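**Student:** Count along the sequence shown starting at 1, add 82, and that's the number in my numbering.
Using N, Cα and C, we set each Cβ at its ideal position, and we do this for glycine too.
Remember, predicted model here, so these are calculated numbers, not experimental data.
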Amino acid sequence: MPNTLIAHIKKILGYGDSATTLHIPGFEGSLRMHTHPVRDVHISETIRQRGIWEPAETHFICRLLQSGDTFVDIGANIGYFTLIGSRLVGPRGKVIAFEPDRDNFNLLARNCKENHCHNAEIVEAALSDRNGEGALYINEDNRGDHTIYAPRESRRSTAIKLLSGSDYFHSQEEKIHFIKMDTQGSEYLVVRGLEETIASNFPGLVMLIEFSPNSLKLAGAGGLQLLELLSGLDSHFYILDSHTQNLFSISHQHLRQWVGLTEMDKDSEGFINLVVSGAPLERRTHIEVLDEPDLYENGLEHLLTIDLSPWHGEPCTVTNMNQYLFFASGWSFHESWGIWSDGEQSRIKFTLELTPLQKQQTVTLYLHGRYFGGEEQTQLYLNQHDLGSHCLIDCRITVDRQLLEETRFTLRLVHTNPLRPCDLGEGSDDRCLKFGWEKMVWISEPPC
Numbered sequence: 083m084p085n086t087l088i089a090h091i092k093k094i095l096g097y098g099d100s101a102t103t104l105h106i107p108g109f110e111g112s113l114r115m116h117t118h119p120v121r122d123v124h125i126s127e128t129i130r131q132r133g134i135w136e137p138a139e140t141h142f143i144c145r146l147l148q149s150g151d152t153f154v155d156i157g158a159n160i161g162y163f164t165l166i167g168s169r170l171v172g173p174r175g176k177v178i179a180f181e182p183d184r185d186n187f188n189l190l191a192r193n194c195k196e197n198h199c200h201n202a203e204i205v206e207a208a209l210s211d212r213n214g215e216g217a218l219y220i221n222e223d224n225r226g227d228h229t230i231y232a233p234r235e236s237r238r239s240t241a242i243k244l245l246s247g248s249d250y251f252h253s254q255e256e257k258i259h260f261i262k263m264d265t266q267g268s269e270y271l272v273v274r275g276l277e278e279t280i281a282s283n284f285p286g287l288v289m290l291i292e293f294s295p296n297s298l299k300l301a302g303a304g305g306l307q308l309l310e311l312l313s314g315l316d317s318h319f320y321i322l323d324s325h326t327q328n329l330f331s332i333s334h335q336h337l338r339q340w341v342g343l344t345e346m347d348k349d350s351e352g353f354i355n356l357v358v359s360g361a362p363l364e365r366r367t368h369i370e371v372l373d374e375p376d377l378y379e380n381g382l383e384h385l386l387t388i389d390l391s392p393w394h395g396e397p398c399t400v401t402n403m404n405q406y407l408f409f410a411s412g413w414s415f416h417e418s419w420g421i422w423s424d425g426e427q428s429r430i431k432f433t434l435e436l437t438p439l440q441k442q443q444t445v446t447l448y449l450h451g452r453y454f455g456g457e458e459q460t461q462l463y464l465n466q467h468d469l470g471s472h473c474l475i476d477c478r479i480t481v482d483r484q485l486l487e488e489t490r491f492t493l494r495l496v497h498t499n500p501l502r503p504c505d506l507g508e509g510s511d512d513r514c515l516k517f518g519w520e521k522m523v524w525i526s527e528p529p530c
């Protein structure tokens, strides 16, 4: 049988081999990676197709790591971040990488060897809160999704070595500057095993953690438990936005709220890139922590709006409003027909994208809803611009073209005399209701 045919059959069966040159903007030097063949549909396939994996995390690590630093890669997979870290910290620095899966580890070792990562120490084990043995459940199609818990779908498992992080690093003389942690739900156990090490390396240590509340629950812990561990270490919290690559500060309280909202949907796979630092990152001159009060009043708002689709004018009704609109404050809960305002003011935030032609046309904002306690007038403001007072039962408002140069908007509604149903003898409902939002759409038409 010809060698080319044998190689082709091996590739189809998942035994092939490939090497890809990484293409990372702003990264000096050349790195080549051997990847899993066609059976690894995420990490390996993305690296082969794009030459880069997780751009936001990549660029953040490139900004943080300095020559001479010590970098710990927990859940190293086939070595993408290990190779980058090795190059960044240089011969005076050090990289310690942990990967429990044998197939991943073999590629990790090969990639380190062929890229001359002499400063890298690689360990075939998973970090945990104890030393011993455990089971790893293998995802045959996504080699970055192995878990320490049995998932809903059937998977084969393999025995792996477990190490307590603080035991492992007990004799480590060099200070650790950066830890990257992506362990598919076992982050709580990893941090619990690293508590002593983290505390001894604060305040100079920064950690980047893939934080998925429901994955943590499946692994036997939870998002709040991990937050309590990290908060006990006097940490500063940030969100690394994988879409914009921006860094936002977030409070412990708002993180707890987000965890609660995420865990309400047990099927949610929602996660964030949580950055944990022993000292404020705002003090570092080469790191920009964004503060955008016009769009996000705090980190929680950012988390909740991060995946909103740009609004192109489709009617925002009860069936799709959560895709486009963020009910920032002054609203009750969503109902089958829409949502009631609650209080004297309500705000909606959204992203609106218009074409250059549409910006030259007459744009009308259409609002439809109902009032509690009779028809009223509602004062409207769009990005602080006064739109006037209107009855919003069936309302059309022409929008100033200058406002349409913006792409991000806050619509503020000021309500007159909101009423509590309980004061009107309607049960114990003590919400302050006035306007019931049902529909919003904009209409662009050629000028008359």
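List, from N- to C-terminal side, the alpha helix (DSSP H) runs of 4 residues or more that fit wholly inside the stretch 275 to 331.
**Tutor:** 295 to 300 and 305 to 313
**Student:** Would you report the Cα separation of Asn-380 and Ile-291, rounded to the nearest angstrom?
**Tutor:** 20 Å
**Student:** Check whether the stretch 166 to 176 and the stretch 116 to 130 are in contact - that is, three or more C-beta pairs closer than 8 Å.
**Tutor:** no
**Student:** Using a Cβ distance threshold of 8 Å, determine whether the stretch 243 to 255 contacts the stretch 207 to 214, with at least three qualifying pairs required.
**Tutor:** yes
**Student:** Do Met-115 and Met-221 come within 9 Å of each other at the CB atom, strictly closer than that value?
**Tutor:** Here residue 221 turns out to be Asn, not Met, going by the sequence shown. Not in contact: Asn-221 and Met-115 (Cβ atoms no closer than 9 Å).
**Student:** Output the boundary residues of the beta strand (DSSP E) element that contains Val-154.
**Tutor:** 152 to 156
**Student:** Helix, strand or coil: how does DSSP classify His-467 here?
**Tutor:** Secondary structure of His-467 (DSSP, three-state): strand.
**Student:** Buried or exposed: which applies to Thr-489, given that a residue is buried once 16 or more other Cβ atoms fall within 10 Å of its Cβ?
**Tutor:** exposed
**Student:** Rounded to whole angstroms, what's the CA-CA distance from Ile-88 to Arg-130? Just pull it up for me.
**Tutor:** Residue placement at Ile-88 cannot be trusted, given a pLDDT of 49 that sits under 50; what the coordinates show is reported in the next sentence. Distance between the alpha carbons of Ile-88 and Arg-130: 22 Å.
**Student:** Under a three-way DSSP split, which group does Ala-232 fall into?
**Tutor:** coil
**Student:** At what residues does the beta strand (DSSP E) containing Leu-356 begin and finish?
**Tutor:** 354 to 359
**Student:** Check whether the Cβ atoms of Lys-176 and Glu-196 lie closer than 9 Å to each other.
**Tutor:** no
**Student:** Return the chain-ordered list of same chain residues with a C-beta closer than 8 Å to the C-beta of Gly-286, the five sequence neighbours on each side being excluded.
**Tutor:** Lys-257, His-259, Gly-360 and Ala-361
**Student:** Between the beta-carbon of Glu-370 and the beta-carbon of Leu-322, is there less than 9 Å?
**Tutor:** no
**Student:** If you count every other CB in all the chains shown that lies within 10 Å of the CB of Arg-365, and 16 or more means buried, which is it?
**Tutor:** exposed
**Student:** For Cys-398, count the other beta carbons within 10 Å of its own beta carbon; 16 or more makes it buried, fewer makes it exposed. Which is it?
**Tutor:** buried
**Student:** Just confirm the distance between the C-beta atoms of His-334 and Leu-309, as a whole number of angstroms; I'd bet it's less than 8 Å.
**Tutor:** 7 Å
**Student:** Beta-carbon within less than 6 Å of Asn-296's beta-carbon, same chain only, minus the 5 sequence neighbours each way: which residues are those?
**Tutor:** Setting aside the 5 residues that flank it on each side, Asn-296 is surrounded in the same chain by Ser-350, each with a C-beta closer than 6 Å to its C-beta; the list follows chain order.
**Student:** Leu-495 and Leu-474: beta carbons closer than 9 Å?
**Tutor:** yes
**Student:** Whose C-alpha, out of Gln-442, Ser-391 and Leu-385, is nearest the C-alpha of Arg-338?
**Tutor:** Leu-385
**Student:** Are the stretch 425 to 438 and the stretch 464 to 482 in contact at 8 Å, needing three or more beta carbon pairs?
**Tutor:** no
**Student:** Can the beta-carbon of Phe-432 be found less than 9 Å from the beta-carbon of Gly-518?
**Tutor:** no
**Student:** Along the chain, where does the alpha helix (DSSP H) that runs through Asn-194 open and close?
**Tutor:** One detail in the question is off: residue 194 reads as Cys in this sequence, not Asn. That run of the alpha helix (DSSP H) goes 184 to 196.
**Student:** Taking only the alpha-carbon atoms, compute the straight-line gap between His-450 and Leu-311 and give it to the nearest angstrom.
**Tutor:** 47 Å
**Student:** Is Val-273 helix, strand or coil when you go by DSSP?
**Tutor:** Val-273 carries a helical assignment under DSSP once its states are collapsed to helix, strand and coil.
**Student:** How would you write the range of the beta strand (DSSP E) that Arg-490 sits in, first residue to last?
**Tutor:** 490 to 496
**Student:** Within its chain, find whatever has a CB closer than 7 Å to the CB of Ser-510; leave out the 5 residues flanking it on each side and keep chain order.
**Tutor:** Cys-504
**Student:** Distance check for Gln-327 and Asp-183, CA to CA, integer angstroms please.
**Tutor:** 30 Å
**Student:** According to DSSP, simplified to helix, strand and coil, what is Gly-98?
**Tutor:** Because the pLDDT at Gly-98 is just 49, under 50, the model does not fix this residue reliably, and the point stays unresolved.
**Student:** What does DSSP give as the partner residue(s) for Ala-208 in the beta ladder?
**Tutor:** Leu-244
**Student:** Pull up the distance between the alpha-carbon of Leu-298 and that of Gly-226, whole angstroms please.
**Tutor:** 16 Å
**Student:** Does the Cβ of Glu-139 have 16 or more other Cβ atoms within 10 Å, making it buried, or fewer, making it exposed?
**Tutor:** In this structure Glu-139 is buried. Its beta-carbon is surrounded by 16 or more other beta-carbon atoms within 10 angstroms.
**Student:** Any idea if Phe-415 is buried or exposed, counting beta-carbon neighbours within 10 angstroms, 16 or more meaning buried?
**Tutor:** Exposed, because fewer than 16 other Cβ atoms sit within 10 Å of the Cβ of Phe-415.
**Student:** Identify which residue in Glu-127, Val-123, Cys-144 and Ser-423 has its Cα closest to the Cα of Pro-107.
**Tutor:** Cys-144
**Student:** Measuring alpha carbon to alpha carbon, tell me which of Phe-491, Val-445 and Asn-465 ends up nearest Ile-479.
**Tutor:** Val-445
**Student:** Rank Glu-136, Glu-520, Asp-211 and Glu-457 by C-alpha distance to the C-alpha of Thr-498 and give the top, closest one.
**Tutor:** Glu-457
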